[in-house]
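In the working numbering, the protein residues as written are 472 to 815.
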């Protein structure tokens with residue numbers, strides 16, 4: 472049997488990684504890898520919902536009783552801006568409490584239990600230093616166990632509607648915010664080392680800086696319009712896991728990084744998926760998802776982005792058949808897709 476070429480192996484794993492990120496994590500990425508890809512294999516956006524207390528009050532359709540409105544403290548020695556800040560915090564707390572009550576009555580609790588299990592090791596034959604780092608690091612996908620007969624968890628809230636602008640349907644900026652995503656994929660026999668992590672980190676550094684135009688005499692330096700960078704995160708997907716050095720380097724990085732170990736995406740497997748039907752974006756929470764997720768890890772800057780949007784990532788282990796998949800949650804419910812569907 473003829474062995475597949477290096478390019479065929481890489482293309483198959485890139486397609487597999489893009490399908491995983493687009494389906495399981497609700498991203499919208501396209502494969503851009505090529506001869507002069509600049510160290511980037513995947514590129515696109517991740518449309519994330521805003522935090523509950525960050526949205527305008529009218530979006531919740533919640534009317535607070537007059538007697539529950541926070542009084543503004545007055546008197547000698549009490550700064551006005553402090554009083555306004557306390558009043559706003561109190562109003563936000565009341566708003567979130569009322570909204571949670573509405574969600575609890577509208578969407579009943581799911582009829583399944585998540586049992587906390589031991590974190591799966593990224594590599595079976597890892598050294599003690601690697602094991603200690605992987606098991607004790609706080610930013611790993613929370614493991615859970617469920618049964619194949621249990622229904623999938625419901626979505627937290629329905630995705631917000633799109634708005635029409637210049638003939639195109641775009642996400643509502645008052646309810647969703649995009650994060651730029653760049654990704655690298657490695658389908659090699661050995662674990663990924665820190666050299667490749669530094670390459671992705673360099674790409675993020677370049678994208679995080681605004682581009683400027685050369686000013687004319689007497690003018691000030693101004694960033695190019697529409698080129699002031701938005702939030703950007705890096706995702707590295709490896710078929711053979713990561714070395715302890717790569718994890719330590721990513722942990723110390725100031726750029727938001729996620730490292731994913733996927734045991735799949737071989738050439739023969741991808742040939743089967745070429746003729747398969749793409750999942751319906753409106754029914755993605757019912758899709759079986761990728762069942763080759765070994766582990767997911769991210770650093771503190773990436774975790775701050777998740778926390779800023781009330782999001783969490785869990786590694787779900789099915790008892791029958793034995794498999795694992797990733798699930799992204801908004802609050803305590805599985806998150807539906809926000810924003811446009813992926814560019815298949």
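Even for Gly, the Cβ is constructed at its ideal location relative to N, Cα and C.
Please read these numbers as outputs of a predicted model, since none were measured by experiment.
Which one or two residues does DSSP pair with residue i in a beta bridge?
{"i": "residue 797", "result": "786"}
{"i": "residue 817", "result": "This structure gives no information on residue 817, because the portion of the chain shown stretches from 472 to 815."}
{"i": "residue 732", "result": "709 and 766"}
{"i": "residue 657", "result": "709"}
{"i": "residue 663", "result": "713"}
{"i": "residue 704", "result": "652"}
Quick check on the burial criterion: 16 or more other C-beta atoms within 10 angstroms. Buried or exposed for residue i?
{"i": "residue 634", "result": "exposed"}
{"i": "residue 644", "result": "exposed"}
{"i": "residue 805", "result": "buried"}
{"i": "residue 721", "result": "buried"}
{"i": "residue 778", "result": "exposed"}
{"i": "residue 780", "result": "buried"}
{"i": "residue 723", "result": "exposed"}
{"i": "residue 808", "result": "buried"}
{"i": "residue 495", "result": "buried"}
{"i": "residue 796", "result": "buried"}
{"i": "residue 819", "result": "Because residue 819 is not part of the residues shown, which for the chain are 472 to 815, the question remains open."}
{"i": "residue 673", "result": "exposed"}
{"i": "residue 515", "result": "buried"}
{"i": "residue 669", "result": "exposed"}
{"i": "residue 497", "result": "buried"}
{"i": "residue 481", "result": "buried"}
{"i": "residue 736", "result": "buried"}
{"i": "residue 479", "result": "exposed"}
Could you round the C-beta distance between residue i and residue j to whole angstroms and report it? I think they count as a contact, below 8 Å.
{"i": "residue 772", "j": "residue 727", "result": "4 Å"}
{"i": "residue 835", "j": "residue 776", "result": "Missing from the structure shown is residue 835; the chain here goes from 472 to 815 and no further."}
{"i": "residue 738", "j": "residue 483", "result": "5 Å"}
{"i": "residue 499", "j": "residue 813", "result": "5 Å"}
{"i": "residue 704", "j": "residue 733", "result": "That pair is no contact at about 18 Å."}
{"i": "residue 798", "j": "residue 787", "result": "5 Å"}
{"i": "residue 707", "j": "residue 730", "result": "5 Å"}
{"i": "residue 646", "j": "residue 520", "result": "7 Å"}
{"i": "residue 511", "j": "residue 502", "result": "Not really, about 10 Å apart at Cβ, beyond 8 Å."}
{"i": "residue 610", "j": "residue 770", "result": "6 Å"}
Quick one: what does DSSP say residue i is sitting in, helix, strand or coil?
{"i": "residue 516", "result": "strand"}
{"i": "residue 649", "result": "strand"}
{"i": "residue 511", "result": "coil"}
{"i": "residue 503", "result": "coil"}
{"i": "residue 810", "result": "coil"}
{"i": "residue 497", "result": "coil"}
{"i": "residue 775", "result": "helix"}
{"i": "residue 805", "result": "strand"}
With a threshold of 8 Å, are at least 3 pairs of Cβ atoms found where one atom belongs to the region 708 to 721 and the other to the region 648 to 657? The region 708 to 721 vs the region 648 to 657: in contact.
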